[in-house]
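**Q**
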Amino acid sequence: MKQNTVATLAAMKARGEKISQLTCYDYSTARIMDEAGINTILVGDSLGMTMQGYPDTLPVTVDEMIIYGRSVARACKNTFVVLDMPFMSYQVSPEQALTNAGRMMKEAMVDCVKLEGGKAVCPQIRAITNAGIPVCAHVGMTPQSHHTYGGFKVQGKGEEGARRVLEDALAVQEAGAFAVVLECVPPKLAALITKKLDIITIGIGAGSGCDGQVLVCQDMLGIGDSGYLPKFVKTFAQVGDVMKEAFQTYDRQVKASVFPTARESYVKSDCSDDILARLDREYRPEEPLKICSVL
Ligand code: KIV
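According to my numbering, the stretch in the sequence shown is residues 51 to 345, in order.
Next comes the structure, spelled out in structure tokens:
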């Protein structure tokens, strides 16, 4: 059994211990996060941007989520893995949501699924949790609906906005979600929601009052799109600079024949001079190579 499960994460909330979550989309990075003791990984549909270069998450498909999810799940001995349900894989009906959630659990072998929305998706949450699949909900700013907000905007402003986010959070808890992501919500509102809920809250751009925090891996490592970084991002290491320097050094060394040296070659297994001379004699082309032209 993993060290991080739905039960241990709930116990962390009960003890007042903070929960760490990062997004991740590949085996190698997931292995490092697992070794680092990160409690949970979100294979977010943000991979549409970070891995696929789309402007938003909308084009991502269930098949793609399964491929990325499975790669991450294989690496995680102890980290709990959450797999995002992509746009239009659950909105149509509870039946559609259950079918896709079931496929994602079976084929990606993750620990739970996540979907965006509050009251509107409660029938979907009920259908999925009734089938024994844990659900993490996501309220506040839900990126799959950015066209309805006219951008990626802070939600929960003013009394009406705050009430809407709180009611959505209470509704997803009631429907059976074991956790909820609060995205781009004012910090005092996020803290109040965290106090009101029995289930775990994971914040992103929601202040420090949530039970846990999530950041997009590329953003926190400084390898994201440097053109745009939301206010809530903290870059913990400039890995992008380290990578660029390594790529430039490699490029220079290959071009100057500095790499590889004998140390990076199979020198001990090399052919004797006799063999090389024989091969050289036997395989000398009799005629110069003809270059074939179609024209
Ligand atoms: O897709 C994602 O990465 C997310 C996080 C930003 C919470 O939903």
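The C-beta atom is built at its ideal place from N, Cα and C for all residues, glycine as well.
Here the structure is a predicted model, which means the values were calculated and not measured.
(1) Would the C-beta of A254 count as close to ligand 1, meaning under 6 Å from any of its heavy atoms?
(2) Report whether the distance from the Cβ of V195 to the nearest heavy atom of ligand 1 is below 6 Å.
(3) Tell me whether G98 sits in a helix, a strand or coil according to DSSP, three-state version.
(4) Considering Cα atoms alone, identify which of Q268, V292, V289 is closest to V283.
(5) What does a CB cutoff of less than 6 Å around M308 pick up in its chain, not counting 5 residues either side in sequence?
(6) Assign G98 to buried or exposed, taking buried as 16 or more other Cβ atoms, counted over all protein chains shown, within 10 Å of its Cβ.
(7) Using the beta-carbon count (16 or more within 10 Å), is H188 buried or exposed?
(8) Would the beta-carbon of D95 be found less than 6 Å away from any heavy atom of ligand 1?
(9) Under the assumption that K207 contacts P236 (Cβ atoms under 8 Å), give the Cβ distance between them as a whole number of angstroms.
(10) In the DSSP assignment, find the unbroken beta strand (DSSP E) run with E44 in it and report its ends.
(11) According to DSSP, simplified to helix, strand and coil, what is I254?
(12) Cβ atoms of A151 and R120: under 7 Å apart, would you say?
(13) Helix or strand or just coil, what does DSSP make of S70?
(14) Out of curiosity, what's the CA-to-CA distance linking L165 and T244?
(15) In chain order, which beta strand (DSSP E) runs of at least 3 residues are fully inside the region 155-207?
(16) What whole-angstrom Cβ distance do L92 and D134 have, given they're in contact under 8 Å?
(17) Given a cut-off of 7 Å on the beta-carbon distance, is the pair L232 and G253 in contact?
(18) What residue range is occupied by the uninterrupted beta strand (DSSP E) comprising F130?
(19) Any idea what DSSP makes of T90, helix, strand or coil?
(20) What number of angstroms, rounded off, separates the C-alpha of Q263 from the C-alpha of I69?
(21) Is the closest heavy atom of ligand 1 to the C-beta of T73 under 6 Å?
(22) Check whether the Cβ atoms of A221 and C162 sit closer than 7 Å, and answer yes or no.
(23) Helix, strand or coil: how does DSSP classify L326 here?
(24) Determine the DSSP secondary structure at V215, reduced to helix, strand or coil.
**A** In short:
(1) With the sequence shown as reference, residue 254 is identified as Ile, and Ala is not the correct amino acid for it. True, at least one ligand heavy atom lies under 6 Å from that Cβ.
(2) The sequence shown places Ser at residue 195, rather than the Val named in the question. No, the Cβ of S195 stays beyond 6 Å of every heavy atom of ligand 1.
(3) helix
(4) With distances taken between Cα atoms, V283 lies closest to Q268.
(5) The amino acid occupying residue 308 in the given sequence is Val; Met does not appear at that position. Contacts found: none.
(6) buried
(7) buried
(8) yes
(9) About 7 Å; that satisfies the 8 Å criterion.
(10) The chain is shown from 51 up to 345; residue 44 falls before or after that span and cannot be answered.
(11) strand
(12) no
(13) strand
(14) 19 Å
(15) 162-164, 185-190
(16) 7 Å
(17) yes
(18) First-last of the beta strand (DSSP E) with F130: 130-134.
(19) strand
(20) 7 Å
(21) yes
(22) In this structure, C162 does not lie closer than 7 Å to A221 by Cβ.
(23) helix
(24) helix
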